[in-house]
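Here the sequence shown stands for residues -8 to 186, numbered as in the working numbering.
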Amino acid sequence: MTVLKNSRHEAFCLAVVRGESATGAYANVYRATGRTAEVNGSKLLRNTAVGERIIELQGTAAKRTTKTVESLVADLDEIIAFAGQCGNPTAMVAAVNTQAKLLGLMIDRSETTVLHRPAPLPTKVLELSESEWIAQFGKGPGPRLAVTDGAKQRKAEARKLDGSTARRLPAPPITWDIETGEIKARGVIGLDDDD
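Given below as structure tokens:
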């Protein structure tokens, strides 16, 4: 089949093959809007000549795509043979890699993303008894036992380095005798206090 005699029908077919809906294609070609474009676009799709032309155009596009992939693979085969005759293994490897990518046989690692990384291997196996598990993860009041050796000591050292303690006692203030000017008790001057 060849190009349709009605140029608007041909333009409609080309628009549908490009991916437009029948309503959108009809609206663009015939400058129609709303319900008119919807109804007439559907009617035009049911037209036998228009339907056959759309199928023909889609088949041509599919052949072009298939032929392009096949022609590229054939060209790369020729390049591999030529590189072999010239004794250029680098060009051969590059052509084979390109063929593999083109055919979807090879995935580029830079395009992939790792969704989950494995957890680091434990240095020692930690098994809790039922009572230890309840003490550690159970609900309700009561002390929580440390799961690892030295956990309490590491927390205490971290608090010391951090400068925070569980109960911070106020430092004693400096006191002195006003008449003699002698310091009676040494302490810390509170600069943050508002008194």
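Don't be surprised by glycine CBs; every beta carbon is placed ideally from N, CA and C.
- Query: Which same chain residues, not among the five before or five after E11, have their C-beta less than 8 Å away from its C-beta?
  - Reply: For the purposes of this step, residue 11 is taken as residue 20 along the sequence shown, with counting starting at 1. Excluding positions up to five away in sequence, the list reads N19.
- Query: In terms of residues, what are the limits of the alpha helix (DSSP H) holding L125?
  - Reply: For this step, residue 125 is matched to residue 134 along the sequence shown. Per the sequence shown, residue 125 should be read as Ile rather than Leu. From DSSP, the alpha helix (DSSP H) with I125 extends over E121 to F128.
- Message: The alpha helix (DSSP H) that contains L36, what's its start and end?
- Response: Within the sequence shown, residue 36 is the residue found at index 45, counting from 1. Counting along the chain, the alpha helix (DSSP H) containing L36 begins and ends at G25 to R37.
- How is M97 classed by DSSP in three states: helix, strand or coil? Sequence index remark: in the sequence shown, residue 97 carries index 106 (1-based). If DSSP states are grouped into helix, strand and coil, M97 belongs with coil.
- C-alpha gap between L36 and A13, whole angstroms: The residue you call residue 36 lines up with position 45 of the sequence shown. The residue you call residue 13 lines up with position 22 of the sequence shown. Cα-Cα distance, rounded: 7 Å.
- Query: In terms of residues, what are the limits of the alpha helix (DSSP H) holding V20?
  - Reply: The residue you call residue 20 lines up with position 29 of the sequence shown. Where V20 is concerned, the enclosing alpha helix (DSSP H) stretches over A13 to Y21.
- Just curious, the alpha helix (DSSP H) that L5 is in, first and last residue? Your numbering for residue 5 matches position 14 in the sequence shown. Segment S(-2) to R9, the alpha helix (DSSP H) holding L5.
- Would you check if the distance between the CB atom of A74 and the CB atom of A86 is smaller than 8 Å? Counted from its first residue, the sequence shown places residue 74 at position 83. Counted from its first residue, the sequence shown places residue 86 at position 95. Taking 8 Å as the Cβ cut-off, A74 and A86 qualify as a contacting pair.
- Query: Under 8 Å between the Cβ atoms of R64 and H0?
  - Reply: Position 73 of the sequence shown, counted from the start, is the residue given in the question as residue 64. Position 9 of the sequence shown, counted from the start, is the residue given in the question as residue 0. The sequence given here places Val at residue 64; Arg does not occur at that position. Result no, Cβ atoms of V64 and H0 do not sit closer than 8 Å.
- Item | Coarse secondary structure for I169, derived from DSSP in three states | Start at 1 with the first residue of the sequence shown, and residue 169 comes out as number 178. Coil at I169, not helix or strand.
- Query: Helix, strand or coil: which one does DSSP assign to N79?
  - Reply: Within the sequence shown, the letter at position 88 stands for residue 79. Of the three classes helix, strand and coil, the one that applies to N79 here is coil, per DSSP.
- Task: Given a cut-off of 8 Å, decide if V60 and L96 are closer than it, judged by their beta-carbon atoms.
- Result: Position 105 of the sequence shown holds residue 96. Position 69 of the sequence shown holds residue 60. Cβ atoms of L96 and V60: not closer than 8 Å.
- Task: Assign P80 to buried or exposed, taking buried as 16 or more other Cβ atoms, counted over all protein chains shown, within 10 Å of its Cβ.
- Result: Taking the sequence shown and counting its residues from 1, one reaches residue 80 at position 89. Exposed: under 16 other Cβ atoms inside 10 Å.
- Query: Where does L152 fall in DSSP's three states?
  - Reply: In the sequence shown, the residue the question calls residue 152 occupies position 161. The answer is helix: DSSP assigns L152 an H, G or I state.
- Task: Since I believe A23 is in contact with F3 (beta carbons under 8 Å), could you give me their beta-carbon distance rounded to a whole number of angstroms?
- Result: Indexing the sequence shown from 1 puts residue 3 at position 12. Indexing the sequence shown from 1 puts residue 23 at position 32. Not a contact, Cβ separation roughly 11 Å.
- Check whether the Cβ atoms of V8 and L48 sit closer than 8 Å, and answer yes or no. On the sequence shown, position 17 is the one that residue 8 refers to. On the sequence shown, position 57 is the one that residue 48 refers to. Yes, the Cβ-Cβ distance between V8 and L48 is below 8 Å.
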